[in-house]
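From first to last, the protein sequence lines stand for chains A and B. Quick note on this note's numbering: the first sequence kicks off at 1 and runs consecutively. Quick note on this note's numbering: the second sequence kicks off at 1 and runs consecutively. Read through the structure below, which is laid out as structure tokens, and then see the notes.
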Amino acid sequence: MKSKVISIALILFFLTTFVIFFKGLKNPNLYTPILNQGKEVPSFEIKSFENNTKIISEKLFRGNKYYLMNIWASWCIPCRDEHKFLMKLKKDKKIELIGFNYKDNFKNAKSFLKDLGNPYNIIVSDKDGIASINWGAYGVPESFLIYENKIIKRFIGPINNEDLLEIKKIIR
Amino acid sequence: MRFVYISLIVSIILNFNFLKADEIKTENEIAKNLRCLICQGQSVYDSDSEFAISLKLVIKNKIQEGMSEDQIYNFLKTKYGEWILYDPVFNRNTYFLWLLPILIFLAGGAIIIRNFYNKNNLD
Chain A
1 MKSKVISIAL ILFFLTTFVI FFKGLKNPNL YTPILNQGKE VPSFEIKSFE
51 NNTKIISEKL FRGNKYYLMN IWASWCIPCR DEHKFLMKLK KDKKIELIGF
101 NYKDNFKNAK SFLKDLGNPY NIIVSDKDGI ASINWGAYGV PESFLIYENK
151 IIKRFIGPIN NEDLLEIKKI IR
Chain B
1 MRFVYISLIV SIILNFNFLK ADEIKTENEI AKNLRCLICQ GQSVYDSDSE
51 FAISLKLVIK NKIQEGMSED QIYNFLKTKY GEWILYDPVF NRNTYFLWLL
101 PILIFLAGGA IIIRNFYNKN NLD
């Protein structure tokens with residue numbers, strides 16, 4: 001009788017273990033960052049792109065206005081692809097674009113903007129990439145849609161036409 | 001008097017070097033325990049990607065600000081989620097993962113002890 005109970009308990013134990021691991025196998029093990037965040041904008045201090053003056057985040061994002069914070073660099077090829085969409089977005093008066101120039105050379109960044117146009121209302125410079133880490137960013141290009149000091153949507157990689165339409169739909 | 005000054009300066013420099021070495025050691029340990037999120041199968045320590053380079057700088061700055069190892073892990077967890085840590089945290093999803101080896105170890109130990117006593121009783 002006792003050995004029967006032990007064997008049933010053992011079978012049950014292995015069955016549960018099997019079921020749990022089998023279910024675990026079906027879970028995707030690819031890392032997928034959360035895109036709809038609702039997180040507060042991090043508080044930070046950063047240098048202006050043009051004249052190296054210090055800017056605090058509270059001055060960048062004010063009240064009930066939409067902002068698109070775009071991390072870009074002149075050496076980043078996908079940034080060139082997304083630039084035309086940012087230029088289109090610039091025409092919309094409901095949103096302000098903030099450029100986060102990432103680990104870039106000032107001259108190269110300047111000529112990038114001269115060649116392709118400047119969609120940004122303000123540009124700040126993240127020379128060592130530390131500010132981007134505070135945002136939880138992965139690299140360039142990456143964009144954060146902000147409203148009332150909260151990140152409402154995040155775009156990892158270059159912005160395309162679909163993203164542009166989505167942004168326009170949100171800010172309408 | 002000059003000798004006292006020189007030995008004082010030397011001891012300050014040596015102490016500073018020890019502190020610096022400790023900081024670098026902690027910095028490397030933390031970087032080894034973090035997953036480089038844009039690389040394949042590499043830790044932040046092993047990677048030379050822009051992301052990893054910036055993250056190493058952040059770790060260095062946080063150590064200099066006086067943050068502990070756990071505080072730095074928590075800070076990065078709030079920014080990038082649990083995935084950035086190599087060690088899975090003990091929570092609802094990982095109870096089984098953490099407790100299963102202990103359960104198996106205890107069950108195995110109990111079986112060995114029971115067999116040992118049974119054998120002794122038979123003798």
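Here a beta-carbon is modelled for each residue, glycine too, at the ideal position from N, C-alpha and C.
Near residue i, which residues of its chain fall below 7 angstroms by C-beta distance, leaving aside the five closest residues on each side in sequence?
{"i": "A:K88", "result": "L164"}
{"i": "B:Y73", "result": "L85"}
{"i": "B:C36", "result": "Q42, S43, V44, S47, S49, F51 and A52"}
List the residues of chain A whose Cβ lies closer than 7 angstroms to the Cβ of residue i, in chain order.
{"i": "B:F96", "result": "I20"}
Using 10 angstroms around the beta-carbon of residue i, count the other beta-carbons present and answer buried if the total reaches 16, otherwise exposed.
{"i": "A:K114", "result": "exposed"}
{"i": "A:I95", "result": "buried"}
{"i": "B:S54", "result": "buried"}
{"i": "B:M1", "result": "exposed"}
{"i": "A:P158", "result": "buried"}
{"i": "A:L145", "result": "buried"}
{"i": "A:R154", "result": "buried"}
{"i": "B:E31", "result": "Glu is not the amino acid found at residue 31 of chain B; the sequence shown has Ala there. Per the 10 Å Cβ criterion, buried."}
{"i": "B:I59", "result": "buried"}
{"i": "A:F49", "result": "buried"}
{"i": "A:K23", "result": "exposed"}
{"i": "B:F3", "result": "exposed"}
{"i": "B:D22", "result": "exposed"}
{"i": "A:V5", "result": "exposed"}
{"i": "B:A107", "result": "exposed"}
{"i": "A:E45", "result": "exposed"}
{"i": "B:P101", "result": "exposed"}
{"i": "A:W135", "result": "buried"}
{"i": "B:P88", "result": "exposed"}
For a test of the three-state rule: what should DSSP assign to residue i, helix, strand or coil?
{"i": "B:D48", "result": "coil"}
{"i": "A:V19", "result": "helix"}
{"i": "A:S43", "result": "coil"}
{"i": "B:V4", "result": "helix"}
{"i": "A:N70", "result": "strand"}
{"i": "A:V140", "result": "coil"}
{"i": "A:S125", "result": "strand"}
{"i": "A:Y120", "result": "coil"}
{"i": "B:R92", "result": "coil"}
{"i": "A:F100", "result": "strand"}
{"i": "A:L145", "result": "strand"}
{"i": "A:K48", "result": "One detail in the question is off: residue 48 of chain A reads as Ser in this sequence, not Lys. Here A:S48 sits in strand by DSSP."}
{"i": "B:L106", "result": "helix"}
{"i": "B:S68", "result": "coil"}
{"i": "A:F61", "result": "coil"}
{"i": "B:L34", "result": "strand"}
{"i": "A:K93", "result": "coil"}
{"i": "B:R114", "result": "helix"}
{"i": "A:R172", "result": "coil"}
So residue i contacts chain B; which residues on that side make the cut at Cβ distance below 7 angstroms?
{"i": "A:D128", "result": "S54 and L57"}
{"i": "A:S132", "result": "S54"}
In chain A, which residues lie with their C-beta within 9 angstroms of the C-beta of residue i?
{"i": "B:Y73", "result": "Within chain A, no residue comes near B:Y73; the closest Cβ sits about 14 angstroms away, beyond 9 angstroms."}
Cβ closer than 9 angstroms: which chain B residues qualify as neighbours of residue i?
{"i": "A:Y138", "result": "L37, I38, F51 and Y80"}
Near residue i, what residues of its chain come up, given a Cβ to Cβ distance below 8 angstroms and the 5 sequence neighbours on each side ignored?
{"i": "B:Q71", "result": "K62"}
{"i": "A:N64", "result": "Y147 and E148"}
Sorted by chain position, which residues of the same chain lie with C-beta nearer than 6 angstroms to residue i's C-beta, five sequence neighbours on each side aside?
{"i": "A:F112", "result": "S74"}
{"i": "A:N78", "result": "The sequence shown places Pro at residue 78 of chain A, not Asn. Once the five neighbours on either side are set aside, the close Cβ partners of A:P78 are P141 and P158."}
Hey, is residue i's beta-carbon within less than 9 angstroms of any beta-carbon in chain E?
{"i": "B:L100", "result": "As a matter of chain content, chain E is missing from the structure shown, whose protein chains are A and B."}
Proximal residues, the region 97-108 of chain A versus chain B, C-beta separation under 9 angstroms: Taking 9 angstroms as the Cβ-Cβ cut-off against chain B, the residues of the region 97-108 of chain A that qualify are Y102 and K103.
Proximal residues, the region 38-60 of chain B versus chain A, C-beta separation under 9 angstroms: Sequence-ordered contacts of the region 38-60 of chain B with chain A read I38, S49, E50, F51, I53, S54, L55, L57 and V58 [C-beta pairs closer than 9 angstroms].
Residues from the region 56-86 of chain A in contact with chain B, defined by Cβ distance under 7 angstroms: Cβ contacts with chain B come from no residue of the region 56-86 of chain A.
Near-chain B residues of the region 144-155 of chain A - C-beta to any C-beta below 9 angstroms: Of all residues in the region 144-155 of chain A, none comes within less than 9 angstroms of chain B when Cβ atoms are compared.
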